[in-house]
Amino acid sequence: MNQKDIDQIVEFGFSREQAIEALSQSNGDINSAIDFLFRDTDPVAESYGDSSNGDAKGVTSAPIESGVIDDIIKQQHSTSEEQYTAPPLPPRSHASVHVEDIRDNDSDANDDDVSVFEDLEHSSLPHEEVEGRVPYNVYDDVRAYTRKADEVPVIMPTSNGYYESYLAALLMILHAVPGIKRAVFRHEFKDLGYSPRWFKGEVVELPAEITEVEVDGEKHDLRFLAEVQRIFTFLDDSANRSFTSLAGLIKALPKSALGQFGYVDNLSDAYEILYKALSEQLTWAGVANAQSLFANTLLRNGELYTFGMFHIEAEDLSRTLYKSLNELIWNDSVESSDCINSLADTIMITVDPCTDDMFVPPGLELFEELYPQIYTNDFKNTVLSIEKKHEELEKERASINSELLKLKTHKGMHIQSVLDHSLEFLQDESGNGEYQDLKIADVLDDVRQLSLTVQERKESLAERSSQLIDERRAMSITNVDTIIEKYMEDDKHEKPEPYLLTGVILRGNIYCCATKTEDGVLQWRYVEHTPCDSPDTRFETDETQFDDIKQVVYSKTRNVWNDPLVLVFVKRSVIFDSTPIQLPNSSLEFLKLDNDELDKSIEWSSETDYMDSSSDEGGDGDGDADLLSLSDDEPQPQEDKQQNDQPLIDLTDK
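Numbering-wise, the sequence shown is residues 1 to 654 according to our numbering.
Laid out in structure tokens, this is it:
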């Protein structure tokens, strides 16, 4: 065993202790050690076992063969004749959440932060396994299946800390956008199928004649769109189920997209995979504007490039989004820089984690409206004219400052002080009454007038300099109000439509989503999923206000933070689209089947609870028996028939 082998294994994402143990098990053979680490993982044990020995910095082993991505590859749809073999997955970039990190990084948070966000410092606590007790798993707790009246249905991430876990929150936010929801349900499948364990991530098999469509003589499989419809149907207000796993949707991704997840190294790449897969399926389903829902285009050197997220690196983050986007898009020169050719109906902005202790983040000030149109070619002339005016004002201010300097000093002497001393000297020399020297008195009057003129000129220049500061501040390409006003003045353009903030993702398991109410206003809701040891703490949902979210985002981005920040803006007309959306019959049938299955599960759980309680009262049963355990004599509900056939979805930090 040598240090070089240990360092090489650590580079794969494992801890130093794991590297040493694996090399010991393999008698120092590094290849065998790596195989051992990638193979020797138990998703249940890792997910719910004691994590108190985890590295405080969150550098834990990535679940390669037993993780959700590899499970997906192994469990590809059995209807496919082609066996999918993806390249081996490297450890995925991640930012595991540990309470030590959270408390250290947020120690300077503003004391005025609202109570709904106070648990931000204490979320994702490592689960402590009690000796002799089966670790709690919310997927096995039938009591936790039913949604409470004040809750919203929640998509559970597959594993906190990995980039794909953010997709759960993104889907929750996108579901609230009527235009996207309408596009998803435009295609009606004859049947969405059903599996009692679909919410645990089990694949719902559908025959090819249901999922395939023919476009321009080519057949395309819409299996992924069918899964998105199931998820959106689940998020409908008519659903009684409390939660579902993201794993089923990831499993349904097209093969080409699925294989890419092992290689993403930022959240923007992960979203790119999702939106391209979904927009492609929507296009095959006949949705004409599928690309415009998610994709922006950038004009660079005469060529168009498509992208989904505006990706801001931590060191490029400024006090406002406009300053950050100016740096991202315009860089040093508006005239020679790239410009946005077209904007999606949904604007996604991600800010990378800030982990450099030497960097002092500015703290991001969030606004409810965004006008990304100012970065398009339509606004380029307006922005250039403002930039030119700004430069002219800067030159004028520089000239004024130069003149002020000349009026204040000469050859190292303060002019006003020289004039004051001259006046005092001449006053003494001129004499008084009949002894007054008239020539000196005339000079005294001239110097006094000169002093007054200099003082008035300095005051005038100082006033103009102060005005120029305000004019420069207003006439700036970081001032969106000025840009829009100038744009409207030029050729009588109409005011562009604003994009409204509808989603903020603080971590993969903590986010805020705005939905339109019947009164036509946006209501914000805070959602937090936490690996837990009881059904009462599995996740928290609560109403909140924009001002509260604004304060939390500012507090998060003025210190070092370990997780990407995501902001979602949606065009006003899209979010406030009031056209009714009718769920397809296949979705309604799926909803009915799931609600019925849920009722059966609850009924069975109540009967089991009663029988176990009766057994305890009779003295024949074990008083500490787990009420969730299944009796050999009791019929098992369909929810749990395959309890031991498929590993449960990983919900906790490794």
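The C-beta atom is built at its ideal place from N, Cα and C for all residues, glycine as well.
Query: Round the Cβ separation of residue 246 and residue 167 to the nearest angstrom and send it over; I've been treating them as touching at under 8 Å.; Result: 6 Å
Query: To the nearest angstrom, report how far apart residue 678 and residue 178 are at their CA atoms.; Result: For the chain, the structure presents residues 1 to 654; residue 678 sits outside this window and is missing.
Query: With DSSP run on the structure shown, which of helix, strand or coil describes residue 601?; Result: helix
Query: Just the C-alpha distance for residue 427 and residue 464, rounded to the nearest angstrom, thanks.; Result: 34 Å
Query: Looking at the structure shown, is residue 355 part of a helix, part of a strand, or coil, going by DSSP?; Result: coil
Query: Are at least three pairs of beta-carbons, each pair with one atom in the region 344–359 and one in the region 548–567, less than 8 Å apart?; Result: yes
Query: Using 7 Å as the threshold, is the C-beta distance between residue 320 and residue 486 below it?; Result: no
Query: Under 7 Å Cβ to Cβ from residue 313, same chain only, skipping five residues before and after it: list those, please.; Result: 352
Query: The alpha helix (DSSP H) with residue 28 in it runs from where to where?; Result: Neither: residue 28 is in no alpha helix (DSSP H) and is coded neither H nor E.
Query: So what does DSSP say about residue 369, is it helix, strand or coil?; Result: strand
Query: Could you pull out every residue in the same chain whose Cβ sits closer than 8 Å to the Cβ of residue 472, ignoring the five residues on either side in sequence?; Result: 390, 393, 394, 397
Query: Should residue 556 be labelled buried (16 or more other beta-carbon atoms within 10 Å of its own) or exposed?; Result: buried
Query: Counting beta carbon pairs with one atom in the region 499–518 and one in the region 472–481, are three or more of them shorter than 8 Å?; Result: no
Query: Can you tell which of 525, 244, 402 has its C-alpha closest to the C-alpha of residue 158?; Result: 244
Query: Quick one, are the C-beta atoms of residue 503 and residue 568 less than 7 Å apart?; Result: yes
Query: What are the complete beta strand (DSSP E) segments, minimum 3 residues, inside the region 285–336?; Result: 296–300, 303–307, 309–312
Query: Which residue marks the beginning of the alpha helix (DSSP H) containing residue 246, and which one marks its end?; Result: Per DSSP, residue 246 belongs to no alpha helix (DSSP H) and is neither H nor E.
Query: Say whether the region 138–155 touches the region 219–230, bearing in mind that this needs 3 or more beta-carbon pairs closer than 8 Å, one atom from each stretch.; Result: no
Query: Distance check for residue 575 and residue 182, CA to CA, integer angstroms please.; Result: 12 Å
Query: So is residue 16 buried or exposed if we call it buried at 16+ other beta carbons inside 10 Å?; Result: exposed
Query: What is the rounded straight-line gap between the Cα of residue 369 and the Cα of residue 162?; Result: 29 Å
Query: Within the same chain, show all residues whose beta-carbon is closer than 7 Å to that of residue 10, passing over the 5 residues directly before and after it, in chain order.; Result: 16, 19
Query: According to DSSP, is residue 70 part of a helix, a strand, or is it coil?; Result: With a pLDDT of only 40 at residue 70, under the threshold of 50, the placement of this residue in the model should not be trusted, and no figure is reported.
Query: Check each candidate in 521, 467, 522, 549 and name the one with the smallest Cα separation from residue 506.; Result: 549
Query: Determine the contact status of residue 430 and residue 415, defining contact as a CB-CB distance below 7 Å.; Result: no
Query: Between the Cα of residue 372 and the Cα atoms of 458, 310, 451, 248, which residue gives the shortest distance?; Result: 310
Query: When the Cβ atoms of the region 327–345 are set against those of the region 296–303, are three or more pairs found closer than 8 Å?; Result: yes
Query: With DSSP as the reference, label residue 146 as helix, strand or coil.; Result: strand
Query: Report yes if the C-beta distance between residue 153 and residue 234 is below 7 Å; otherwise report no.; Result: yes
Query: Residue 231 by DSSP, collapsed to three states: which one?; Result: helix
Query: Consult DSSP for residue 525 and reduce its assignment to one of helix, strand or coil.; Result: strand
Query: Note down the Cα distance separating residue 511 from residue 466, rounded to an integer number of angstroms.; Result: 43 Å
Query: Is residue 545 close to the ligand ADP? I mean its beta-carbon at under 6 Å from any heavy atom of the ligand.; Result: Among the ligands in the structure shown, none appear at all, so the ligand ADP cannot be discussed.
Query: Along the chain, where does the alpha helix (DSSP H) that runs through residue 411 open and close?; Result: First-last for residue 411: undefined, no H or E at that position.
Query: Tell me whether residue 413 is buried or exposed, calling it buried when 16 or more other Cβ atoms sit within 10 Å of its Cβ.; Result: exposed
Query: At the level of alpha carbons, what is the spacing between residue 571 and residue 498?; Result: 6 Å
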